[in-house]
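Step one of this worksheet: look at the structure below.
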């Protein structure tokens, strides 16, 4: 698949949150205001791009040559956890403002299923190194797009009347459902028409 | 006993503490998938709770989270390989979500919040209760989605029975949207609203 195809697929057609439900916890938990949603979105994009590249290298250079594919789950999750820690330390040293913006979200990312999800999906799709990186980056962008849309809607919802049992989480899910409905307009046919 | 029942009702992981949602929604298109996923989660939860509880005095506090993750990932690998070997069709349906049990927050959450502070017996009951609660919640969502979205209930195939119950009327003209991605979010939103409403009514009844 071409790079443009991968980007459109992971940002719109197979948006991780709205069609695969990966990364739903932060989507509901951190979408109360736009500022933190954007911070979380960028942190996730950053980690997902790096994680899909790193796990590709580990799968192709270590696990497959040694015949250790069955250790995939353990290796990937440990690599992601280490990577997150490393990224946190590097950002802290290099850029104080960036650390301030992303810092508090980084530890939360280890248990974000979207990160392990893209690593596993990239390996299953047999992407090469750069394709894996692009897939990770665009899946992160898709996450950013969805959480940004969600947070702006939720900020508006604050001022609206909502039946009491639905306040908070239930209405957030229903909003997400309606967003997913809109995202159904992006399907494989769109990709075919665009790229041919 | 209290450790067992609290996971099913009072602290139901899906509806009350909202943990482990990613797999919940993604595999809830058919009842059989929900049951398979639930069985996997119960096994991993049981294994990790037992090991964390046994090793709680040996794991240094600083590296406890990575240690828990290694324990959990080992059990997830077992489940993944067993499913691939014995129930290939289920393994194919659940796809990447079997491996994603490792980041299911319920399991790490129980290890950290409960098993690391309790003896083995309590940890086992806690794991069973949480696991059964998770499975029931998942099965409920899957039942609603499959009945409304496809008009069928898919269970195990036994003998000549192919395991699919078709509901007359619904299976010819189902509400397809419920079976697709948006339906999952809508169903859990309305269910959570319904549970909140019941909770409020009960609280009001108790006050009067």
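Chains as they are written, first to last, in our numbering: chain A, 14 to 209; chain B, 7 to 214. Beta carbons are placed, not taken as given, at the ideal position from N, Cα and C, and that holds for glycine. Owing to the predicted nature of the structure, the values given are computational and were not obtained by experimental measurement.
In the DSSP assignment, find the beta strand (DSSP E) that holds residue 17 of chain A and state where it starts and stops.
Element bounds for residue 17 of chain A: not the beta strand (DSSP E) but the alpha helix (DSSP H), 16–21.
Are any of the Cβ atoms in chain A nearer than 8 Å to that of residue 175 of chain B?
no
Checking the sheet assignment: what are the DSSP bridge partners for residue 170 of chain B?
B:160
Whole angstroms is fine: what's the gap from residue 39 of chain B's alpha carbon to residue 28 of chain A's?
22 Å
How would you list, in chain order, the residues of chain B whose beta-carbon sits under 9 Å from the beta-carbon of residue 193 of chain A?
186, 187, 188, 189, 190, 191, 192
Go to residue 174 of chain A, then tell me how far its alpha helix (DSSP H) extends in each direction, as first and last residue.
Per DSSP, residue 174 of chain A belongs to no alpha helix (DSSP H) and is neither H nor E.
Just checking residue 149 of chain B against the ligand MG - is the residue's beta carbon closer than 7 Å to any of the ligand's heavy atoms?
Only the bare structure without any ligand can be found here, which leaves the ligand MG out of the picture.
Continuous alpha helix (DSSP H) stretch holding residue 86 of chain B: start and end
70–92
Residues of the stretch 93–105 of chain B with Cβ closer than 8 Å to any Cβ of chain A, in chain order:
Taking 8 Å as the Cβ-Cβ cut-off against chain A, the residues of the stretch 93–105 of chain B that qualify are 102, 105.
Cβ-based neighbour list, residue 150 of chain A, same chain, cut-off 6 Å, excluding 5 preceding and 5 following:
62
Less than 8 Å separating the beta-carbons of residue 106 of chain B and residue 91 of chain A?
no
Please list the terminal residues of the continuous alpha helix (DSSP H) segment that includes residue 31 of chain A.
29–33
How far does the alpha helix (DSSP H) with residue 118 of chain B in it reach, from first residue to last?
Residue 118 of chain B: member of the alpha helix (DSSP H) spanning 111–119, first to last residue.
Contact criterion: CB-CB distance below 8 Å. Does residue 202 of chain B meet it with respect to chain A?
Closer than 8 Å: yes.
Given residue 135 of chain A as reference, the closest of A:125, A:109, A:87, A:70 once Cα atoms are compared:
With distances taken between Cα atoms, residue 135 of chain A lies closest to A:70.
Find the nearest neighbour of residue 31 of chain A within the set A:203, A:202, A:200, A:194, judged by alpha-carbon distance.
A:194
If the cut-off is 9 Å on Cβ atoms, which residues from the stretch 171–202 of chain A count as contacting chain B, listed in chain order?
176, 177, 178, 179, 180, 181, 182, 183, 184, 185, 186, 187, 188, 189, 190, 191, 192, 193, 194, 195, 196, 197
Could you list the residues in the stretch 14–43 of chain A with a C-beta less than 8 Å from some C-beta on chain B, going in chain order?
Hits within the stretch, in order: 31, 32, 33, 34, 35, 36, 37, 38, 41.
Using 8 Å as the cut-off, can you tell me whether the stretch 87–103 of chain B makes contact with the stretch 64–75 of chain B, which would need three or more C-beta pairs spanning the two stretches below that distance?
no
Residue 86 of chain A: contacting residues in chain B (beta-carbon distance under 8 Å)
79, 82, 83, 86, 105, 108
Nonlocal neighbours in the same chain, by C-beta distance under 8 Å from residue 157 of chain A, ignoring five residues either side
51, 54, 55, 57, 58
Chain B beta carbons: is any one of them nearer than 8 Å to that of residue 167 of chain A?
no
At a Cβ threshold of 8 Å, is residue 133 of chain A touching chain B?
yes
Sorted by chain position, which residues of the same chain lie with C-beta nearer than 8 Å to residue 60 of chain B's C-beta, five sequence neighbours on each side aside?
126
With 16 other Cβ atoms within 10 Å as the buried cut-off, status of residue 174 of chain B:
exposed
For residue 17 of chain A, count the other beta carbons within 10 Å of its own beta carbon; 16 or more makes it buried, fewer makes it exposed. Which is it?
exposed
Please name the residue in A:80, A:162, A:15 whose C-alpha comes closest to that of residue 188 of chain A.
A:162
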